[in-house]
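The structure appears right after this line, and notes come after that.
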Amino acid sequence: MKNIVILISGRGSNMEAVVRAAENEGWPARIAAVISNKPQAQGLEFARARGIPTAVVASKEFSSRVEFDAALQEVIDRFAPDLVVLAGFMRILTASFVEHYAGRMLNIHPSLLPLFPGLGTHRQALESGAAEHGATVHFVTAELDHGPVVAQARVPVLADDTEDTLSARVLAEEHTLYPHAVRLFVEDRLSIHDGEVRIMRDAPAETSSI
Ligand code: GRF
Numbered sequence: 003m004k005n006i007v008i009l010i011s012g013r014g015s016n017m018e019a020v021v022r023a024a025e026n027e028g029w030p031a032r033i034a035a036v037i038s039n040k041p042q043a044q045g046l047e048f049a050r051a052r053g054i055p056t057a058v059v060a061s062k063e064f065s066s067r068v069e070f071d072a073a074l075q076e077v078i079d080r081f082a083p084d085l086v087v088l089a090g091f092m093r094i095l096t097a098s099f100v101e102h103y104a105g106r107m108l109n110i111h112p113s114l115l116p117l118f119p120g121l122g123t124h125r126q127a128l129e130s131g132a133a134e135h136g137a138t139v140h141f142v143t144a145e146l147d148h149g150p151v152v153a154q155a156r157v158p159v160l161a162d163d164t165e166d167t168l169s170a171r172v173l174a175e176e177h178t179l180y181p182h183a184v185r186l187f188v189e190d191r192l193s194i195h196d197g198e199v200r201i202m203r204d205a206p207a208e209t210s211s212i
């Protein structure tokens, strides 16, 4: 059984998708905790209702990134995570925090990385005139939105799209993409070679026999 800790800042719809898939598909994993840096994050309600342990480490109570990340790391590590899943966790992370979870922290970003790192991805996609847009799940490295890519989902950009319609189309894909990528990790099917992710076709024998 792998322990997954999910970090959120708000709505938590990607967290919800991962939790539901883990339950419905019987993953060899448990959602050990959902942790938010915002006390009012909507997603906390869903986690509490499901009986998942929750915690809040309120970023606004810390005067520096270093102190916040240290406190957050301490709380995360109480749950002995095999994997940390960033699901709409709106924080820039310190290098030492990222290093601590190297190879075991995933993020979802609403663009086809390396296009449009950072915020405002849907607006950027519209302004660029791109014919397609999408979302990327990647391992987290010190450079924001630049880690090795696990999986991407593509959607068309339509002539009459607004930021709202485009983001809704991408989000619907995220809800399939993120559980898919997390499941690959849980099944030990991911490895990183020279900064690139390799995906094994089948789970290794010791995992698939569980
Ligand atoms: C998603 O679009 C995700 O890609 C981005 O932030 C948004 C979070 O939405 N990182 P939710 O909190 O998962 O509903």
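Just so we're aligned: the sequence shown equals residues 3 to 212 in the numbering used here.
Backbone N, C-alpha and C define an ideal beta-carbon position, used for all residues, glycine too.
Fair warning: this is a prediction, and the values are worked out from it, not measured in the lab.
The three-state reading of DSSP puts K62 in helix, counting H, G and I together. Judged by DSSP in its simplified three-state form, P158 adopts strand.
When DSSP assignments are scanned along the stretch 94-164, the uninterrupted stretches of alpha helix (DSSP H) that are 4 or more residues long and fall wholly within it turn out to be 97-102, 123-130. In the structure shown, N39 falls within a coil segment according to DSSP collapsed to helix, strand and coil. Under the three-state reduction of DSSP output, A51 falls in the helix class. Across the set A51, A82, M92, the C-alpha of M92 shows the shortest separation from the C-alpha of K62. For E198, there is no enclosing alpha helix (DSSP H); the residue is part of the beta strand (DSSP E) that begins and ends at 198-201. When DSSP states are grouped into helix, strand and coil, R191 belongs to the coil group. Beta-bridge analysis with DSSP links T56 to V36. When beta bridges are read from the DSSP output, V184 appears opposite no residue. Under the Cβ criterion (8 Å, minimum of three pairs), the stretch 8-25 counts as touching the stretch 86-103. Looking at the DSSP output, N5 sits in a beta bridge with R32. DSSP lists I6 as the bridge partner or partners of L85. Below 8 Å, enough C-beta pairs join the stretch 120-131 and the stretch 166-174 to call them touching: three or more. Proximity to V152 across P181, L95, I33 peaks at P181, based on C-alpha coordinates.
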